[in-house]
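Asker: Chains as they are written, first to last, in the numbering used here: chain G, 373 to 538; chain L, 373 to 538.
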């Protein structure tokens with residue numbers, strides 16, 4: 373089992389750190405990747421090292437996490453990210469996005485007729501993408517898991533880990 | 373089951389956030405407390421709300437977490453913290469400290485003849501307190517669980533959660 377966390381500068385620190393360490397606790401290998409290799413800094417200041425997405429082989433991974441913060445607004449314009457998301461969704465691999473992370477799902481065009489949630493500030497973008505938006509802590513629809521904000525992390529991680537163990 | 377996280381300004385962000393959300397994922401109630409009530413800021417910049425330790429009733433809690441960062445160097449001079457640590461240890465409740473967190477155990481005088489670990493920078497303080505120091509990811513000795521640094525969080529949380537489930 374191997375997880376891929378995709379984010380960039382100004383990620384929401386808790387939404388990257390909590391899944392990262394949770395996977396390792398569970399014995400799941402985890403890799404952080406971004407548009408470019410190097411150190412990226414969370415919006416609160418935490419720094420983590422990322423590998424370049426161009427060097428990521430999607431086939432090696434079983435699930436993808438898209439944390440929130442300000443990073444998704446930039447990542448959604450990166451075709452490498454969007455193609456990887458489309459590949460994961462098509463291959464039936466789990467894609468879990470929280471807060472502003474679902475904006476990347478919108479840009480990848482994978483939300484039509486799907487039930488999902490996100491940060492309330494971008495709920496309209498989900499709806500315009502054809503998603504059935506729910507203001508609910510965690511929403512699971514097929515291989516998509518979405519949540520709204522850091523305080524939803526406990527339920528978000530519960531669903532993700534359940535998926536990994538199932 | 374109820375957990376108490378004790379820290380203060382300049383806590384190591386990951387060592388507070390990861391246990392906090394992990395407890396909630398597990399359905400364990402968790403409270404953050406500090407010498408004074410209010411917002412405290414991690415050394416990387418994350419802000420969390422703490423209640424005053426003076427208002428904490430130790431009897432309500434089953435385990436205590438002492439994250440690292442720069443907070444323990446201040447907390448170890450707070451007699452309210454030290455008395456609470458002594459009460460937990462005497463009552464056989466789990467006390468888990470990581471990084472510079474074990475400095476609080478040193479000050480509370482609960483490490484004599486105990487096997488423990490901590491950040492390498494303060495290993496000598498543990499030894500002077502009569503502890504048998506091990507440079508090992510996670511050390512469990514009775515109801516004490518200690519670890520060295522953020523990268524030890526996976527094993528640290530594994531031991532803590534196992535204790536909660538046991």
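Cβ coordinates follow ideal geometry from the N, Cα and C atoms, glycine included.
Could you check whether residue 477 of chain L and residue 484 of chain L sit closer than 8 Å to each other, using their CB atoms as the reference points?
Answerer: In the second chain, residue 484 of chain L corresponds to position 112, counting from 1. In the second chain, residue 477 of chain L corresponds to position 105, counting from 1. Cβ distance not < 8 Å, so residue 484 of chain L and residue 477 of chain L don't count as in contact.
Asker: Which residues in the same chain as residue 415 of chain G place their Cβ atom closer than 8 Å to its Cβ, once the five residues preceding and following it in sequence are excluded?
Answerer: Within the first chain, numbered from 1, the residue matching residue 415 of chain G stands at position 43. 382, 383, 384, 385, 441 and 442.
Asker: Which whole-angstrom value is the C-beta distance of residue 456 of chain L and residue 430 of chain L, which I expect to be below 8 Å?
Answerer: Within the second chain, residue 456 of chain L is the residue found at index 84, counting from 1. Within the second chain, residue 430 of chain L is the residue found at index 58, counting from 1. 5 Å between Cβ atoms; contact.
Asker: Quick one: list the residues of chain L neighbouring residue 386 of chain G, beta-carbon separation under 8 Å, in chain order.
Answerer: By one-based count along the first chain, residue 386 of chain G stands at place 14. Result: 389, 393 and 418.
Asker: Indicate whether the contact test is met: 3 or more Cβ pairs, each with one atom in the region 502-511 of chain L and one in the region 407-426 of chain L, closer than 8 Å.
Answerer: Contact between the region 502-511 of chain L and the region 407-426 of chain L is absent, because fewer than three Cβ pairs lie under 8 Å.
Asker: List the residues of chain G whose Cβ lies closer than 9 Å to the Cβ of residue 439 of chain L, in chain order.
Answerer: Counted from its first residue, the second chain places residue 439 of chain L at position 67. Per Cβ cutoff of 9 Å: no residues; residue 439 of chain L is ~13 Å from chain G at best.
Asker: Is residue 510 of chain L closer than 8 Å to residue 531 of chain L when the C-beta atoms are compared?
Answerer: Taking the first residue of the second chain as 1, we reach residue 531 of chain L at position 159. Taking the first residue of the second chain as 1, we reach residue 510 of chain L at position 138. Yes, they are a contact pair.
Asker: Use the C-beta contact count for residue 518 of chain L: other C-beta atoms within 10 angstroms, 16 or more gives buried, fewer gives exposed.
Answerer: Indexing the second chain from 1 puts residue 518 of chain L at position 146. Looking at its Cβ environment, which holds 16 or more other Cβ atoms inside 10 Å, residue 518 of chain L is buried.
Asker: Would you say residue 373 of chain L lies against chain G (beta-carbon separation less than 8 Å)?
Answerer: Your numbering for residue 373 of chain L matches position 1 in the second chain. It does not; no Cβ of chain G falls within 8 Å.
Asker: Determine the closest residue to residue 471 of chain G out of G:438, G:394 and G:513, with distance taken between C-alpha atoms.
Answerer: For the purposes of this step, residue 471 of chain G is identified with residue 99 of the first chain, where counting begins at 1. Answer by Cα proximity: G:438.
Asker: Please report how far the alpha carbon of residue 407 of chain L lies from the alpha carbon of residue 410 of chain G, in whole angstroms.
Answerer: Within the second chain, the letter at position 35 stands for residue 407 of chain L. Within the first chain, the letter at position 38 stands for residue 410 of chain G. One C-alpha to the other measures close to 38 Å.
Asker: Starting from the beta carbon of residue 477 of chain L, find every residue of chain G whose beta carbon is closer than 9 Å, and list them in chain order.
Answerer: Mapped onto the second chain, residue 477 of chain L falls at position 105. Residues of chain G passing the Cβ test: none, with the nearest at roughly 23 Å.
Asker: Shortest alpha-carbon distance to residue 536 of chain L belongs to which of L:495, L:402 and L:482?
Answerer: Translated into the one-based positions of the second chain, residue 536 of chain L becomes position 164. When each option's Cα is compared against that of residue 536 of chain L, the closest is L:402.
Asker: Assuming residue 379 of chain G contacts residue 388 of chain G under a Cβ cut-off of 8 Å, what Cβ separation, rounded to an integer in Å, is found between them?
Answerer: One-based indexing of the first chain puts residue 379 of chain G at position 7. One-based indexing of the first chain puts residue 388 of chain G at position 16. The Cβ separation is near 6 Å, so the contact holds.
Asker: Would you say residue 526 of chain L reaches chain G, if we count a Cβ-Cβ gap shorter than 8 Å as a contact?
Answerer: Here residue 526 of chain L is taken as the residue at index 154 of the second chain, counted from 1. At least one chain G Cβ lies under 8 Å of residue 526 of chain L.
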